[in-house]
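Just so you know, we're using numbering that gives the first Met the number 0 here: the sequence shown kicks off at 0 and counts up by one.
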Amino acid sequence: MCECSCGMRLGIWNQQAFSRNIPDDIKVVTTQQSTGCEYFLKSFGVMSTAYVLIESFSSPKFTWETMNDPVMGGKSYSQFSIKDDVGIFDGEVVDVPFLKAPGFITMRGNGDYPDVSYCNSLQLRLRTSEQYSGYRISFGNRHIHGNRHAYGYKADFHAPVGDEMMTVTIPFRDFTARWDEATGDPIVTCQENPDYCPDKETLKNMKTLSIWGEGVCGVVHLEVESISASDCDYSALNTLTNGSSSVSPKKFSDVASYLVTFAFIVLVLITIISFVKKKFEKEKDYIPIKGCTSGLTSV
0 MCECSCGMRL GIWNQQAFSR NIPDDIKVVT TQQSTGCEYF LKSFGVMSTA YVLIESFSSP
60 KFTWETMNDP VMGGKSYSQF SIKDDVGIFD GEVVDVPFLK APGFITMRGN GDYPDVSYCN
120 SLQLRLRTSE QYSGYRISFG NRHIHGNRHA YGYKADFHAP VGDEMMTVTI PFRDFTARWD
180 EATGDPIVTC QENPDYCPDK ETLKNMKTLS IWGEGVCGVV HLEVESISAS DCDYSALNTL
240 TNGSSSVSPK KFSDVASYLV TFAFIVLVLI TIISFVKKKF EKEKDYIPIK GCTSGLTSV
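Quick look at the structure:
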């Protein structure tokens, strides 16, 4: 929640106050960098940035399962459960015997994912009680020349140890399709070669998303509250559709202008009516008095 200079407090935008045509997974929020009120006046409460909720473990959309390196002869293990509205990923990464190198564990959710092609980052709400430096996250199924078993886009992330839920943001520019399938480390980054950056087609529907413990031996304990796409440019959408209806962000701005004008006219009319009413009441209470000379005769 941010405090606006004009005295209004703005938080998460309630889409029902404006239209029922906005998809449920799009949440428009205020930003600490904005003045708040400028955005409010420009777009009637619809801020220029938003986040798209991908998964909330209080009401999960996807079925999450684990997959570990025993599929390639490893000894790592993991399990996934949901408790108290939190997804809990537990396990341990150990060396794969014949490789003599750390293996991997994953929690993975497959399905139809919301369109996040107008967003710039992934955002995790999580906490951990174990220090571990091998966390990674991946999405999509893109397979490029040079990769054998590596599919999709992958990036590292750091999960700070603590008792409180924290927000971890991973920009899409940190993901690459060219990563080492043995260690999970990037071979060629998105910055080094834009061809390996997440493509729009994948961002429109990731189809699969995984959180990994990979390439580093150690105990994994990760509690995940939600996964979202963040830093989304809501104004970049040409239309937001729900069924056969569509709503353009510009329409909200037009509605705002009309309503502000209408409110001003109503205020002026109320002021005029109040003034006329008071004047009429004063005239009604006035009693004429005869002049002093009205009853006198001339001499």
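Here a beta-carbon is modelled for each residue, glycine too, at the ideal position from N, C-alpha and C.
Work out the CA separation of residue j and residue i for me, nearest whole Å.
i: F263; j: S256; result: 11 Å
i: S137; j: S128; result: 22 Å
i: L208; j: D162; result: 25 Å
i: N241; j: H142; result: Residue placement at N241 cannot be trusted, given a pLDDT of 40 that sits under 50; the coordinates are not used to answer.
i: E200; j: L266; result: 50 Å
i: T260; j: K276; result: 24 Å
i: N140; j: I104; result: 18 Å
i: D184; j: I81; result: 29 Å
i: N204; j: D111; result: 6 Å
i: V160; j: I269; result: 59 Å
i: K206; j: I186; result: 24 Å
i: V223; j: L258; result: 42 Å
i: D198; j: I271; result: 60 Å
i: P193; j: K99; result: 33 Å
i: N146; j: D84; result: 37 Å
i: H157; j: S58; result: 25 Å
i: H144; j: W211; result: 23 Å
i: M164; j: R126; result: 5 Å
i: L221; j: T166; result: 13 Å
In its own chain, which residues sit with a C-beta less than 7 Å from the C-beta of residue i, not counting the 5 before and 5 after it?
i: T168; result: S120, Q122 and S229
i: E54; result: K60, F61, G108, S225 and I226
i: C300; result: Given a span of 0 to 298 for the chain in the structure shown, any question on residue 300 remains unanswerable.
i: P170; result: N119 and S120
i: S273; result: none
Please check the pair residue i and residue j, which I expect to be a contact at CB under 8 Å, by giving their CB distance rounded to whole angstroms.
i: E213; j: V92; result: 7 Å
i: G72; j: F97; result: 6 Å
i: Y152; j: T188; result: That pair is no contact at about 11 Å.
i: K124; j: A154; result: For clarity, residue 124 is Arg in the given sequence; the question names Lys instead. About 17 Å separates the two Cβ atoms, so there is no contact after all.
i: D232; j: Y117; result: 5 Å
i: Y131; j: V219; result: 6 Å
Could you tell me the boundaries of the beta strand (DSSP E) in which residue i lies?
i: K153; result: Y152 to D155
i: P170; result: M165 to P170
i: T207; result: T207 to E213
i: Q78; result: Y76 to K82
i: E222; result: G217 to D232
i: Y195; result: Careful: Y195 lies outside any beta strand (DSSP E) and carries neither H nor E.
i: M66; result: W63 to N67
i: P185; result: P185 to V187
i: M106; result: F103 to N109
i: Q122; result: S120 to T127
i: V92; result: V85 to V92
i: S137; result: Y134 to F138
Identify, in the order they occur along the chain, each residue of the same chain with its Cβ nearer than 8 Å to the Cβ of residue i, setting aside the five sequence neighbours on each side.
i: F79; result: W63, E64, T65, G86, I87, F88, D89 and M106
i: H148; result: E180
i: S77; result: T65, N67, F88, D89, G90, E91, I104, T105, M106, G212 and V219
i: F56; result: I81, D84, V85, G86, V223, E224 and S225
Could you spell out the range, first to last residue, of the alpha helix (DSSP H) harbouring residue i?
i: T201; result: K199 to K203
Looking only at its chain, what residues have a beta carbon closer than 6 Å to the beta carbon of residue i, apart from the 5 residues adjacent to it on each side?
i: C196; result: C189
i: S75; result: N67, D68, V92, V93, G102 and I104
i: D114; result: K203
i: R177; result: I186, V187 and Y195
i: K278; result: none
i: R172; result: C189
i: T182; result: G214
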